[in-house]
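This report concerns only the one structure given below.
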Amino acid sequence: MGALEDWLSYELVDFLMFSPDVYFRMVASYVQYSWPIAALYVSGLAAALWWWYRQGDMRPVNIAVAVGWALPAYMFFLVRYADIMTASPGFAALFGVEVVLLGWAALRPPPAISMPSGLGAGGWALMCVAAAYPVVAPSAGRAWDMGEPLGLMPDPIVLLTTAWFVLCGERRVLPWLAPAIWAIASGLTLHTMGEPDYWLLPILVAVAAILNFTGKRRLAA
2 MGALEDWLSY
12 ELVDFLMFSP
22 DVYFRMVASY
32 VQYSWPIAAL
42 YVSGLAAALW
52 WWYRQGDMRP
62 VNIAVAVGWA
72 LPAYMFFLVR
82 YADIMTASPG
92 FAALFGVEVV
102 LLGWAALRPP
112 PAISMPSGLG
122 AGGWALMCVA
132 AAYPVVAPSA
142 GRAWDMGEPL
152 GLMPDPIVLL
162 TTAWFVLCGE
172 RRVLPWLAPA
182 IWAIASGLTL
192 HTMGEPDYWL
202 LPILVAVAAI
212 LNFTGKRRLA
222 A
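Numbered per our numbering, the sequence shown spans residues 2 to 222.
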């Protein structure tokens with residue numbers, strides 16, 4: 002009974018292996034060193050989205066989104082975060098699974114669909130939030146250099162992926178699991194560190210899921 006009481010006395014903060022200062026200094030150093038990769042990635046993603054918009058071909062976007070998962074899987078989780086977080090290789094593996102699923106989707110994309118304008122607007126709005134994710138840090142009281150850009154950090158690519166799923170009509174549950182798991186893990190980590198924006202990613206991913214799985218669609222003619 003005493004051992005159980007000891008376990009129940011623990012809080013999430015007791016399991017945190019680093020201080021907020023250590024974590025965000027690591028993020029700032031990583032982004033400062035790697036920002037050219039983020040710039041190239043966003044340019045490639047924009048080109049893929051333009052191609053999809055003009056030609057209706059989802060494959061370049063699925064490939065670009067897969068690359069967006071592969072980059073933080075290696076560069077962030079294995080090279081940086083692993084120094085302060087023992088679970089980081091597990092998250093890298095989770096992101097690796099999503100890379101495979103997105104690569105498979107590039108080979109066998111969902112059928113073309115048409116959607117109500119409101120559903121499409123919701124997907125594009127979420128994608129714009131993902132692109133603007135670096136401003137979340139200063140909005141939450143952190144320094145500008147602690148912003149999290151696409152192509153380097155996990156949170157924005159998770160949000161962008163769910164936005165893309167809304168736009169392309171991805172209703173297979175399996176590709177949604179990794180975004181949901183990371184959204185919860187990220188929210189809990191930020192909450193434990195006392196950051197006011199801990200709710201943002203989980204709520205936005207939930208909104209994307211609601212739009213995707215409840216919005217009415219039909220096959221395009």
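Positions of the beta carbon are idealized from the N, C-alpha and C atoms, including for glycine.
For clarity, every value in this text was computed on a predicted model and none was experimentally measured.
Where residue i falls, given that 16 or more other Cβ within 10 Å makes a residue buried
i, result
"THR87", "exposed"
"SER140", "exposed"
"TRP165", "buried"
"PRO180", "buried"
"MET18", "exposed"
"CYS129", "exposed"
"SER20", "exposed"
"PHE214", "exposed"
"ARG55", "exposed"
"ALA207", "exposed"
"ALA4", "Residue placement at ALA4 is poorly supported in this model, since its pLDDT is 49, which falls under 50; the coordinates still yield a value, given next. It counts as exposed."
"LEU13", "Reliability fails at LEU13, whose pLDDT of 49 lies under 50, so the model's placement of it is uncertain and no value is given."
"SER10", "Any reading at SER10 needs caution, since the residue's pLDDT is 44, under 50, leaving its predicted position unreliable; the model's value is listed next. Counting Cβ neighbours within 10 Å, SER10 comes out exposed, since fewer than 16 surround it."
"ALA209", "buried"
"TRP53", "buried"
"SER35", "buried"
"ARG109", "exposed"
First through last residue of the alpha helix (DSSP H) which encompasses residue i
i, result
"PHE78", "First-last for PHE78: undefined, no H or E at that position."
"LEU99", "First, the amino acid is wrong: residue 99 is Glu here, not Leu. 89-108 is the extent of the alpha helix (DSSP H) around GLU99."
"MET27", "21-56"
"ASP198", "Run containing ASP198: none; DSSP gives neither H nor E here."
"ASP156", "155-169"
"PRO139", "137-140"
Whole-Å CB distance - residue i paired with residue j, under 8 Å assumed
i, j, result
"LEU153", "TYR31", "7 Å"
"ASP198", "GLN33", "So it is not a contact: roughly 21 Å between Cβ atoms."
"PRO203", "GLY216", "That belief does not hold up - the Cβ atoms of PRO203 and GLY216 are roughly 20 Å apart, past 8 Å."
"ALA131", "LEU160", "4 Å"
"GLY124", "VAL167", "4 Å"
"GLY104", "ALA67", "5 Å"
"ALA39", "LEU151", "6 Å"
"ALA49", "PRO61", "4 Å"
"LEU106", "PRO176", "According to the sequence shown, residue 106 is Ala rather than Leu. Sure, about 7 Å apart at Cβ, within 8 Å."
"LEU127", "THR162", "Contact doesn't hold; Cβ gap of about 10 Å is too wide."
"ALA83", "VAL100", "The Cβ separation is near 18 Å, so there is no contact."
Nearest neighbour of residue i, chosen from the options [CA to CA]
i, options, result
"PRO135", "CYS129, GLU149, LEU127", "GLU149"
"ASP156", "ALA138, PHE214, MET59, ARG173", "ALA138"
"GLY69", "TRP53, TRP52, GLY57, PHE96", "PHE96"
"VAL23", "ILE85, ARG60, ALA48", "ILE85"
"PRO90", "ALA126, ALA71, LEU108, ALA107", "ALA71"
"ARG182", "PHE25, TYR54, ALA93", "This sequence places Ile at residue 182; Arg is not what is there. If we check each option's Cα against that of ILE182, ALA93 comes out closest."
"LEU212", "ARG172, TRP53, ALA106, ASN63", "ARG172"
"PHE78", "GLU196, VAL28, LEU41, ALA47", "VAL28"
"PHE25", "LEU41, LEU191, VAL98", "LEU191"
"GLY142", "SER35, ILE185, GLY170, GLY195", "GLY195"
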